[in-house]
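All residue numbers for the sequence shown refer to full-length UniProt numbering, where the first residue is 1 and numbers rise by one.
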Amino acid sequence: MVIYLSDNQTVKPVSSANNQSLQPAKVTHIVDGDTLDVEMANCRIPWRGNPQKCRIRLACLDTPEKGQKPFFNNAKQRLQQLLNPGTIVKIRDTGDSSYNRIVAEIFINQRSINLQMIQEGQGAIYCQYLDNCRSTKSAYLQAEANAKKRGLGIWNPQQPWTGIRENHPCQ
Numbered sequence: 001m002v003i004y005l006s007d008n009q010t011v012k013p014v015s016s017a018n019n020q021s022l023q024p025a026k027v028t029h030i031v032d033g034d035t036l037d038v039e040m041a042n043c044r045i046p047w048r049g050n051p052q053k054c055r056i057r058l059a060c061l062d063t064p065e066k067g068q069k070p071f072f073n074n075a076k077q078r079l080q081q082l083l084n085p086g087t088i089v090k091i092r093d094t095g096d097s098s099y100n101r102i103v104a105e106i107f108i109n110q111r112s113i114n115l116q117m118i119q120e121g122q123g124a125i126y127c128q129y130l131d132n133c134r135s136t137k138s139a140y141l142q143a144e145a146n147a148k149k150r151g152l153g154i155w156n157p158q159q160p161w162t163g164i165r166e167n168h169p170c171q
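What follows is the structure in structure tokens.
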């Protein structure tokens, strides 16, 4: 099966090592540090009525909200660096949804962007979706612990905002 995206780009769907389907998509817009818009075939939750457009909420990751500066801007900018418009990614839909968004893992070259954002301290683990991510719970917990220990991103000792961990405690 071949999927045609705009600009006459074609990509073939692939399957991960554990046979969970990965669907190709093209990044069109970064909304914030854990949300992006993509074009992909047969979107399960069409964005604004267009079956080829989806809004994706990154699973297992919670980044600062708009009023939580400077870390909101830092997380959004980092996701923009990792996923420029036009970048072809692979999406693993977890089957969950949040505010008309698909909750998913995003991969480039078999590397989880979700896990990378945690490793870099751009956000905290979002425990509600942690069991649905392909990378193990221990990989996320270890990545977050390392980012905290190194004082990366939101774990900087000069943290100007609070609340993510209180809202999403991990056990």
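The beta carbon of each residue, even a glycine, is placed where N, CA and C say it ideally should be.
Assigned exposure category for residue i - 16 Cβ within 10 Å defines buried
i: Gly121; result: buried
i: Pro64; result: buried
i: Pro157; result: exposed
i: Cys170; result: exposed
i: Gln142; result: exposed
i: Asn109; result: exposed
Residue range of the unbroken beta strand (DSSP E) whose run includes residue i
i: Glu39; result: Thr35 to Glu39
i: Asn50; result: Asn50 to Leu58
i: Gln23; result: Ser21 to Asp32
i: Ile106; result: Arg101 to Ile108
i: Thr94; result: Ile88 to Ser98
N- and C-terminal bounds of the alpha helix (DSSP H) containing residue i
i: Arg78; result: Phe71 to Leu82
i: Arg150; result: Lys137 to Arg150
i: Ile113; result: Ile113 to Gln119
Residue i to residue j span [Cα, whole Å]
i: Ile106; j: Pro70; result: 24 Å
i: Leu152; j: Asn132; result: 25 Å
i: Leu79; j: Met117; result: 8 Å
i: Asn74; j: Gly49; result: 31 Å
i: Leu58; j: Gly67; result: 20 Å
Residue i and residue j closer than 8 Å at C-beta
i: Val38; j: Cys60; result: no
i: Leu22; j: Arg111; result: no
i: Leu82; j: Ile113; result: yes
i: Ile30; j: Leu36; result: yes
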